[in-house]
């Protein structure tokens, strides 16, 4: 326990970096998810194919591979960014594929008549999707999006493999110095669990509010 108190500042810094990385990735993933979901339900075949290709390619290659590829290959073509930014972008792109499927399921859950009524009033496909369908769709997928948010927090640990000193990397460094893996990694696990509980509580509250709005 003394070791944990001694390195409390290190764990605090690692936890803060994990939260920052997850927050940036989540915002990016949600934007990407909505855009890709829109492509997936587009009446234009080429756009549907592009959305499908994005989801299939991103989901069927491990996140670690994307991270390593971005960190080591992008500088070779002149794209330079720090490890934190690179990891946040890659994580957003990766999680965006899963967000897209969650949002698409919400869109499919909205009665077809809603979109048809909007188009009958003269709205274009884009206008009906943005103003009529998406607001209803997002309210139906709060729980899946919350689960994906927790998944994003867990996936930030992958950034440790490319040199980002987030919570997992911090725990590893402390363990190398103190050689107390059980206490150190259990503590890191409890911090991840605490973040997940917070996200779960926020998700539950948001879902209840969305249910009232429906």
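Numbering (the numbering used here), first residue to last: 47 to 260. The beta carbon of each residue, even a glycine, is placed where N, CA and C say it ideally should be.
message: Taking the beta carbon of residue 175 as the centre, do at least 16 other beta carbons fall within 10 Å, making it buried, or is it exposed?
response: Classification for residue 175: buried.
message: So residue 138 and residue 209 are supposed to be a Cβ contact under 8 Å. How far apart are they, rounded?
response: Not really, about 18 Å apart at Cβ, beyond 8 Å.
field: residue 247 versus residue 177 - alpha carbon distance
entry: The C-alpha of residue 247 lies about 28 Å from the C-alpha of residue 177.
field: Option nearest residue 57 by Cα separation, candidates 196, 199 and 217
entry: Nearest option by C-alpha distance: 217.
query: With contact counted as at least three CB pairs below 8 Å, one residue from each stretch, are the region 180-191 and the region 137-157 in contact?
result: As far as the Cβ criterion goes, the region 180-191 touches the region 137-157, which means the pair count is three or higher.
message: Please classify residue 179 as buried or exposed, where buried requires at least 16 neighbouring CB atoms within 10 angstroms.
response: Label assigned to residue 179: buried.
message: Using a 10 Å radius around the Cβ and a threshold of 16 neighbouring Cβ atoms, would you call residue 79 buried or exposed?
response: By the neighbour-count rule (16 or more Cβ atoms within 10 Å), residue 79 is buried.
- request: Please confirm whether residue 140 and residue 109 have their CB atoms less than 8 Å apart.
  value: Taking 8 Å as the Cβ cut-off, residue 140 and residue 109 qualify as a contacting pair.
task: Taking residue 151 as part of the alpha helix (DSSP H), name the residues at either end of that continuous run.
output: DSSP places residue 151 in the uninterrupted alpha helix (DSSP H) bounded by 129-155.
message: Beta-carbon within less than 7 Å of residue 256's beta-carbon, same chain only, minus the 5 sequence neighbours each way: which residues are those?
response: 185 and 188.
- prompt: In whole angstroms, what is the alpha-carbon distance linking residue 132 and residue 172?
  reply: Distance between the alpha carbons of residue 132 and residue 172: 31 Å.
task: Tell me whether the beta-carbon of residue 195 lies closer than 8 Å to the beta-carbon of residue 114.
output: No, Cβ-Cβ distance for residue 195 and residue 114 is not below 8 Å.
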